[in-house]
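Colleague:
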Amino acid sequence: MEAVQVSAKERAGDSDPLNESTLLELPAEEKVATIFGGNTDDWIFNAGHVASRFVSVKPKAAAAKSSTNVHIISDHGNDYTLELKEVSADQAGGFDATVFLVQTDQDAQKKMADAPVFLPAAEVKEKEDRLEREVAQAKAAAAADKKTAEIAQEKYQSTYPSNLHFDYSWDQPKAKALGVRQIWDDGKFTYIQGKFEEPPVVYELKDKKGSLINFQFENGLYTVPKLLQNGYVAIGKSKVEFHRQENN
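Throughout, the numbering used here is defined as the position within the sequence shown, counted from one, plus 970.
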């Protein structure tokens, strides 16, 4: 194994035979941000899918006697440049299986002591993938919620007519005088429909005492957000009581 000392202005050499790879190892303080290979037709450069300080270089099977250079940019902004050549025909034999890159440039060493300035490509890809997964999960959850709401709405609409109860009784002449035409409920809300010259006020009757309640009035329809058992509508001194049948 070889330890190669490099500075910002120096190049290190390395040799590889066919079907063998060399592992380039950065200092422990650094990770590979990105790599640039010169001869990508004949050589394979691989920094892996997880951010690390290792780069594998290997000549392709048909790359006898070829050469290339490679630039490794670290997450601290340091640049390592190496010249590589394929040596399967070298009679001397031997190659560098692992090359340790040792930074000797003082400015580069200072950078190594500071916080990283680049995110390794693998980390960027990992974050992008994670963000894509989160977006996809959020969209899927939103779609599921929408589908659930649609199913609930369809079910409600399909059963709504059977939930309407016309179980109220009232004094018909008095109701006609005030403009009241129909009173019903859906098990949750109470509805009073009519044609009113002057909109009456709706009261709830409890223990024979009337109390004002909240309601909405639109286009001749009162919507009371509760199920009324007893109540009355009034305009001035005129009023008509209504009562829900106890057996319903």
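Beta carbons: idealized from backbone N, C-alpha and C, even for Gly.
Values in this document were obtained by computation on a predicted structure and should not be read as measured data.
When we look at the beta-carbon of Ala-973 and count the other beta-carbons within 10 Å, is it buried (16 or more) or exposed?
Modeller: In the sequence shown, counting from the first residue as 1, residue 973 sits at position 3. Note that Ala-973 scores a pLDDT of 47, beneath 50, so its modelled location is shaky and nothing firm can be said.
Colleague: I think Ile-1183 touches Tyr-1192, with their Cβ atoms under 8 Å apart; what is that distance to the nearest whole Å?
Modeller: Numbered from its first residue, the sequence shown carries residue 1183 at position 213. Numbered from its first residue, the sequence shown carries residue 1192 at position 222. Not confirmed; about 10 Å, so no contact.
Colleague: Using the DSSP secondary-structure output, state which residues sit across from Thr-1193 in a beta bridge.
Modeller: As a first step, residue 1193 must be located in the sequence shown, where it is residue number 223. Beta-bridge pairing links Thr-1193 to Tyr-1161, Gln-1186.
Colleague: Please state whether DSSP places Lys-979 in a helix, a strand or coil.
Modeller: Within the sequence shown, the letter at position 9 stands for residue 979. Its pLDDT being 37, under 50, Lys-979 is placed unreliably in this model, and the value from its coordinates should be taken loosely. In the structure shown, Lys-979 sits in coil (DSSP, three-state: anything other than H, G, I, E or B).
Colleague: Quick check: the stretch 1197-1204 against the stretch 1155-1164, are there 3 or more CB pairs under 8 Å?
Modeller: Result yes; three or more Cβ-Cβ pairs closer than 8 Å.
Colleague: Out of curiosity, what's the CA-to-CA distance linking Lys-1116 and Ala-1122?
Modeller: In the sequence shown, residue 1116 corresponds to position 146, counting from 1. In the sequence shown, residue 1122 corresponds to position 152, counting from 1. Approximately 10 Å, taken between the alpha carbons.
Colleague: Within 10 angstroms of the Cβ of Glu-1098, are there 16 or more other Cβ atoms? Answer buried if so, exposed if not.
Modeller: Taking the sequence shown and counting its residues from 1, one reaches residue 1098 at position 128. So Glu-1098 counts as exposed.
Colleague: Less than 8 Å between the C-beta atoms of Val-1150 and Ala-1204, yes or no?
Modeller: Counting from one through the sequence shown, the residue named residue 1150 turns up at place 180. Counting from one through the sequence shown, the residue named residue 1204 turns up at place 234. No, these two residues do not count as a Cβ contact at 8 Å.
Colleague: Is the stretch 1070-1090 touching the stretch 1031-1039, taking contact as three or more C-beta pairs under 8 Å?
Modeller: In short, these stretches do not touch, since the Cβ pair count stays below three.
Colleague: Decide if His-1019 is buried, meaning its Cβ has at least 16 other Cβ atoms within 10 Å, or exposed.
Modeller: Sequence index remark: in the sequence shown, residue 1019 carries index 49 (1-based). His-1019 is exposed by the Cβ-count criterion.
Colleague: Quick one: what's Tyr-1204 bridged to in DSSP?
Modeller: The sequence position of residue 1204 within the sequence shown is 234, counting from 1. According to the sequence shown, residue 1204 is Ala rather than Tyr. DSSP, once it has assigned bridges, lists Val-1171, Lys-1209 as partnering Ala-1204.
Colleague: Go through the stretch 1006-1066 residue by residue and report every complete run of the beta strand (DSSP E) that reaches 3 residues or more, in order.
Modeller: Those beta strand (DSSP E) runs which fall completely within the stretch 1006-1066 and span 3+ residues are 1013-1016, 1024-1029, 1037-1044, 1049-1056.
Colleague: Classify Glu-980 as buried or exposed, calling it buried when 16 or more other Cβ atoms lie within 10 Å of its own Cβ.
Modeller: For this step, residue 980 is matched to residue 10 along the sequence shown. Its pLDDT being 38, under 50, Glu-980 is placed unreliably in this model, and the coordinates cannot settle the point.
Colleague: Is the beta carbon of Glu-1053 sitting closer than 8 Å to the one on Ser-1036?
Modeller: Numbered from 1 along the sequence shown, position 83 holds the residue referred to as residue 1053. Numbered from 1 along the sequence shown, position 66 holds the residue referred to as residue 1036. No, the pair does not count as a contact, with Cβ atoms beyond the cut-off.
Colleague: From the DSSP output, in three-state form, read off Asp-1077 for me.
Modeller: Here the question's residue 1077 lines up with position 107 in the sequence shown. Three-state result, Asp-1077: helix.
Colleague: If you drop the 5 nearest sequence neighbours on each side, which residues of the same chain put their C-beta closer than 7 Å to that of Phe-1187?
Modeller: Here residue 1187 is taken as the residue at index 217 of the sequence shown, counted from 1. These residues qualify, in order along the chain: Pro-1169.
Colleague: Whole angstroms is fine: what's the gap from Ala-1220's alpha carbon to Glu-1120's?
Modeller: Any answer about residue 1220 is impossible in this case: the structure gives the chain only from 971 up to 1218.
Colleague: Given a cut-off of 8 Å on the beta-carbon distance, is the pair Val-1040 and Ile-1014 in contact?
Modeller: Within the sequence shown, residue 1040 is the residue found at index 70, counting from 1. Within the sequence shown, residue 1014 is the residue found at index 44, counting from 1. No, they are not a contact pair.
Colleague: Are Asp-1137 and Gln-1215 touching if we call contact CB-CB under 8 Å?
Modeller: Taking the first residue of the sequence shown as position 1, residue 1137 is located at position 167. Taking the first residue of the sequence shown as position 1, residue 1215 is located at position 245. Contact flag set, yes.
Colleague: Whose CA, out of Pro-1086, Phe-1088, Ala-1067, lies closest to the CA of Val-1025?
Modeller: Here residue 1025 refers to the residue found at position 55 of the sequence shown. Val-1025 has its Cα closest to that of Ala-1067, out of Pro-1086, Phe-1088, Ala-1067.
Colleague: Would you report the Cα separation of Glu-1211 and Glu-1124, rounded to the nearest angstrom?
Modeller: On the sequence shown, position 241 is the one that residue 1211 refers to. On the sequence shown, position 154 is the one that residue 1124 refers to. Roughly 35 Å between the two C-alpha positions.
Colleague: In three-state terms, what does DSSP make of Ser-1132?
Modeller: By 1-based counting over the sequence shown, the position of residue 1132 is 162. Helix.
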